[in-house]
Amino acid sequence: MAEITLQIDGRNYPVACDDGQEDRVCQLGAYVDQRIKEVTHAAAGSRSQAMMLTSLLLADEVFDLHEKANAAGQTAAKLQNEPKTITYQGLPPADEQEITTLISKMTARVEQIRIRAQKAS
C-alpha cells in the first residue's frame, strides 16, 4: 500500500491507495479541490457547507454519467439486434463494362474448347 497526501481546500489529507494508483488518486484529489474552489467562489458559506455542496455536484456528475452510459448501452443493444442492411453500390460503369467484356471472351473461349472436344470424340 502506498500513502500519499492530498491537499483539498487548503488542508492536507493522508490517503492510502494501492501501489501504482498514486497518480490517479492525486488527479482525483486535484479535481475535488478544483470543484470545492468553484463552489466556494460561487457561494459564501462554511467549509462544511462547501464540502456538502461539492459532494452533491460530484454525485450529480456521477448520476449523469451513469444515465448516459445506460442509454449508450441500450442503444448498442438495439443496434446489435437489428438486421443489417447491405446495399450494393455497384462498380463504376467502366469496370462493369470491362468485367462484362472479359466474361464474354471467356464464354466464347469455353464454347470453342467444347466444340473441339466434341469433334475429337
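Residue numbers (the working numbering): 51 to 171.
Idealized CB from N, CA, C, for every residue including glycine.
So, with DSSP's three-state summary, where would you put GLN168?
In the sequence shown, residue 168 corresponds to position 118, counting from 1. GLN168 falls in the helix class under three-state DSSP.
How would you call VAL160, buried or exposed, if buried means at least 16 neighbouring beta carbons within 10 angstroms?
As a first step, residue 160 is located in the sequence shown; it is residue number 110 there, counting from the start. Answer is exposed; the Cβ neighbour count stays below 16.
Considering only the alpha carbon of each residue, which of THR137, ASP69, GLY60 and LEU152 lies closest to MET51?
Locating residue 51 in the sequence shown gives position 1, where the first residue counts as 1. The candidate whose alpha carbon is nearest that of MET51 is ASP69.
PRO133 (DSSP reduced to helix, strand or coil)
Taking the first residue of the sequence shown as position 1, residue 133 is located at position 83. The answer is coil: DSSP assigns PRO133 none of H, G, I, E or B.
Going by the DSSP bridge assignment, what does ARG97 pair with across the sheet?
The residue you call residue 97 lines up with position 47 of the sequence shown. Paired residue(s): none; ARG97 is not in a bridge.
Skipping 5 residues on each side, what residues in its chain have a beta carbon closer than 6 Å to that of TYR63?
Position 13 of the sequence shown, counting from 1, holds the residue named residue 63. Only LEU56 meet the Cβ criterion.
Mind checking whether ILE54 and ILE86 have CB atoms under 9 Å apart?
Within the sequence shown, numbered from 1, the residue matching residue 54 stands at position 4. Within the sequence shown, numbered from 1, the residue matching residue 86 stands at position 36. No, they are not a contact pair.
Alpha helix (DSSP H) segment containing TYR81, residue limits:
Translated into positions along the sequence shown, residue 81 becomes position 31. 72-92 is the extent of the alpha helix (DSSP H) around TYR81.
Taking buried to mean at least 16 other C-beta atoms within 10 Å of its own C-beta, is ALA100 buried or exposed?
Counting from one through the sequence shown, the residue named residue 100 turns up at place 50. So ALA100 counts as buried.
Using the rule of at least 16 other Cβ atoms within 10 Å of the residue's Cβ for burial, across every protein chain shown, is THR104 buried or exposed?
As a first step, residue 104 is located in the sequence shown; it is residue number 54 there, counting from the start. Its Cβ being crowded by 16 or more others within 10 Å, THR104 is buried.
I'd like the list of long-range same chain contacts for CYS67, defined as Cβ closer than 6 Å, with 5 residues on each side in sequence excluded.
Position 17 of the sequence shown, counted from the first residue, corresponds to residue 67. ALA52 and VAL75.
Close beta carbons around LEU107, own chain, < 8 Å, minus the five adjacent residues each side:
Here the question's residue 107 lines up with position 57 in the sequence shown. Around LEU107: ARG85 and VAL89.
On a Cα-Cα basis, can you pick out the residue from GLY60, GLN162, LEU152 and GLU146 that is closest to VAL82?
Locating residue 82 in the sequence shown gives position 32, counting from the first residue. Here the closest residue by C-alpha is GLY60.
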